[in-house]
Each structure stands twice: as structure tokens, then as C-alpha cells.
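Please read the structure below before turning to the comments.
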Amino acid sequence: LACQHKLFARQVLERVAPEANTPFRRLEADYDADIPGGIEYPVFVKPVKAAFSVLARTMPSRQALYRHTRFDRYEEWIIRRLVQPFEAVVRKRLPQAGTAHSLMLEACLQGHQYCLDGYCFDGSVRRLGIVDAVMYPGTQAFMRWDYPSRLPAGLQDRAEAIARRFLEAIGFSHGFFNMEFVVEEQTGRLKVIEFNPRLAAQFSDLYARVDGRNLHEMTLALSHGIDPATLPRREPTAACASSFVYRSFDPAAQVAMPTTAARRAFRGAFPDALLLPFPKSRAQVQRDFKWLGDYRFGIVHLGGSSPEELEQRCAQASKLLGWASPLGDQTADLPRFTERAETWKTAMGTESAT
Numbered sequence: 058l059a060c061q062h063k064l065f066a067r068q069v070l071e072r073v074a075p076e077a078n079t080p081f082r083r084l085e086a087d088y089d090a091d092i093p094g095g096i097e098y099p100v101f102v103k104p105v106k107a108a109f110s111v112l113a114r115t116m117p118s119r120q121a122l123y124r125h126t127r128f129d130r131y132e133e134w135i136i137r138r139l140v141q142p143f144e145a146v147v148r149k150r151l152p153q154a155g156t157a158h159s160l161m162l163e164a165c166l167q168g169h170q171y172c173l174d175g176y177c178f179d180g181s182v183r184r185l186g187i188v189d190a191v192m193y194p195g196t197q198a199f200m201r202w203d204y205p206s207r208l209p210a211g212l213q214d215r216a217e218a219i220a221r222r223f224l225e226a227i228g229f230s231h232g233f234f235n236m237e238f239v240v241e242e243q244t245g246r247l248k249v250i251e252f253n254p255r256l257a258a259q260f261s262d263l264y265a266r267v268d269g270r271n272l273h274e275m276t277l278a279l280s281h282g283i284d285p286a287t288l289p290r291r292e293p294t295a296a297c298a299s300s301f302v303y304r305s306f307d308p309a310a311q312v313a314m315p316t317t318a319a320r321r322a323f324r325g326a327f328p329d330a331l332l333l334p335f336p337k338s339r340a341q342v343q344r345d346f347k348w349l350g351d352y353r354f355g356i357v358h359l360g361g362s363s364p365e366e367l368e369q370r371c372a373q374a375s376k377l378l379g380w381a382s383p384l385g386d387q388t389a390d391l392p393r394f395t396e397r398a399e400t401w402k403t404a405m406g407t408e409s410a411t
């Protein structure tokens, strides 16, 4: 509850690791109410309780924030219905957190984003690894997630130390967790985005390919009181792996899903790939654009012996699926990904790689 109530989590973080926190406040306005004054823009807005980055976005002005928080009756009904089960439990178990039926504001963060994955067993915090996030240029939309991370070992250790302080403060002693954070471009300071008291399921396949660890198997072991560290590892199948996210930024477009023949060709060429298509109706696409600012229509996981090979495989796989590659000409950040080749080659099998 303390992790999922994002406003309360900020309050805890301010107490135990203020250097990793960012200015925040509750948006003192009910859904569809007027926007109060005294807010500095740009500002990042997000629900106190949400998922999949729904309604989380940078607002450049009061007018933009006003438009962002206008919901029709059906949309407001959906929002309240999604939050209400959590709200009912919070009132009984964590009343000091306050209502979750609210939006909150945070200072904007500029820098590269990462996700620290780990678990707690018998009160001990164990780091699994860190996954690097790469956004579509000029957006806050994830384009891909890369593992292993190229974040320097010192910053990885600092992230783990902050996570340990927070988890101990809220009494989280058993289970998987992940901490999303940013390393600021100008200052190099580490700033926490949020904590999640669960496995980052999208990354499980990446760890399996590179480290030979089955995170779902580890979760099952935890549920039976078995230390996941005692489980045997499988042979890794790749030196690096990525979760490629396919999105459309055209609200008038509705991307076609791969045909049966296309899927057959894809599986024949890439038997190791993981394909997750997300077909949606026109109404669902429009709601995605209103709440998220884009339309996510698919995810593909691939492994490779080097970043260069991984890029080539992604381009070939995209062509077979009939989708525009997320690593197209628009990807200004591609050199940062390519330069990881030597880091991965030298780090494989070392403590810093995991």
C-alpha cells in the first residue's frame, strides 16, 4: 500500500532519502474541478494510484493541465471504479496516506531513466539488476528497455542503497520490488520516480536471456519461503536483450496486426523472439491517445550477441511483422545504445553486470 499510494511514498522518501526525492504536492482539486493557482509550470501530473502511465504526463501550462483533467461521465466512472478497491483497503490499513482518488504534481525530471529490480527475502534486500529505458525522441513514451545496464557501478550501488532505506522504512521485507529512477543530465544526481511492490514482468524474459534467471520461478519460490538465490540458473542465450515497444503517435492511424502468414514467417526467422500484439478498437485507440498521448500496439523481445546484431534483428523482425521499426531514423538516441557493446563484452559474468 505504501508503494502504490504514490503521494504517501513520496512522503516516506522525503523522510529517509530526501536527496533522491523531487518536490511534490497533491493536486487539491476533484476530478473535473478547476485548477488552483500557485503551480509552477512545466509540472508533471499523475494519479495517486494508477498503472501503465495512464494520465501521467508533463503539463507545460495551466491551460494544458485543465484540458488534461477534463473527463466525460463514462471516463470518470472508469477512473473511480479502478481506484475504489485500493481506496477501500487504504482507508482501513493505511489511513494516514489520505485518499487515493486524486491526482498529484511533481517537479519535472530530466535525464536517462532506469529500473532497479530486486527482491527481499527474510528482511534482506537483494539486487537482481538494472534495466535501461530509452524513450521515443521528444516524448515520455518508452521505445525500448535494454539489459544489462550501462549505468556505472557506483550509481547502481547508490540506487540499491536508496531502495534499501525506503523498503526498510515501510516494512517491506519479503517479495519482489522495482524502483524506477532518473539520473539527472545536468547534476548526475539520482532521483526516484516511484517504487512498485512487484516483479517487473516485462523484464523477466530479459533476465532469462542474459542471466539465465527465471524471475517467475523465483517469485514462486518466494511464495513458499524458499530463498530464490538457491535456485539453479539456466545457460544464458544472449549477451544483451531488449524489449522493443511499438507505438503510433498518429491519432488517426490504426495499425494492422500481423497476418497469420506474417506471424508464421516471423516465428520461422526468429524462434527465440517473444511477440505481444495489442489489437484495439477505434474507441480504445482514441482513449489511449487522450490518457497516454500515443497508441501502443505491440512489444517484441529479442536477444543478441552484441547491440549491433540486436539492432539488425529488430529491423528484420519489424519488416516481417509489417510494423515500422522503433529503431528507425527518428531514433536520435541510437548511438548511446550502440556504445554499450564494449561495456557488455567486458562486463558479462562480473558483479557489475548483474
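Numbering-wise (our numbering), the sequence shown opens with residue 58 and increments by one. Glycine is no exception: its CB is placed at the ideal position from the N, C-alpha and C atoms.
{"Check": "Would you report the Cα separation of Q243 and G379, rounded to the nearest angstrom?", "Outcome": "39 Å"}
{"Check": "Under three-state DSSP, which class holds I283?", "Outcome": "coil"}
{"Check": "Answer with buried or exposed for T317, where buried requires no fewer than 16 other C-beta atoms within 10 angstroms of its C-beta.", "Outcome": "exposed"}
{"Check": "Would A210 be called buried (16 or more neighbouring beta carbons within 10 Å of its own) or exposed?", "Outcome": "exposed"}
{"Check": "Have a look at P383 and A190 and give me their C-alpha separation to the nearest angstrom.", "Outcome": "13 Å"}
{"Check": "Measure the beta-carbon distance from L331 to V357 and round it to whole angstroms, keeping in mind my assumption that it falls under 8 Å.", "Outcome": "7 Å"}
{"Check": "By DSSP's criteria, A298 is part of a beta bridge. Which residues make up the other side?", "Outcome": "Y204 and G360"}
{"Check": "Select from L277, F301 and V249 the residue whose C-alpha is nearest the C-alpha of V69.", "Outcome": "V249"}
{"Check": "Look at V182 and L212 and say whether their C-beta atoms are less than 8 Å apart.", "Outcome": "no"}
{"Check": "Quick check: the Cα distance between A226 and Q373, rounded to an integer number of angstroms?", "Outcome": "47 Å"}
{"Check": "Helix, strand or coil, according to DSSP, for H125 in the structure here?", "Outcome": "helix"}
{"Check": "DSSP three-state label for R183, please.", "Outcome": "strand"}
{"Check": "Just the C-alpha distance for G180 and I135, rounded to the nearest angstrom, thanks.", "Outcome": "37 Å"}
{"Check": "Take F143 and list the residues in its own chain whose beta-carbon comes closer than 7 Å to its own, dropping the five residues that flank it on each side.", "Outcome": "Q61, K106 and A157"}
{"Check": "Would you report the Cα separation of A108 and L288, rounded to the nearest angstrom?", "Outcome": "31 Å"}
{"Check": "Decide yes or no for the touch test of the segment 335 to 349 against the segment 85 to 103: beta carbon pairs closer than 8 Å, at least 3 of them.", "Outcome": "no"}
{"Check": "Assuming contact is defined by CB atoms lying nearer than 8 Å, are W348 and L84 in contact in what I supplied?", "Outcome": "no"}
{"Check": "For Q387 and F65, what's the separation of their Cα atoms in angstroms?", "Outcome": "With a pLDDT of 40 at Q387, under the threshold of 50, the modelled position of this residue cannot be trusted; read the value that follows with caution. The alpha-carbon atoms of Q387 and F65 are separated by roughly 38 Å."}
{"Check": "Kindly give me the distance between the Cβ atoms of G175 and A220, rounded to whole angstroms, as I take these residues to be in contact under 8 Å.", "Outcome": "7 Å"}
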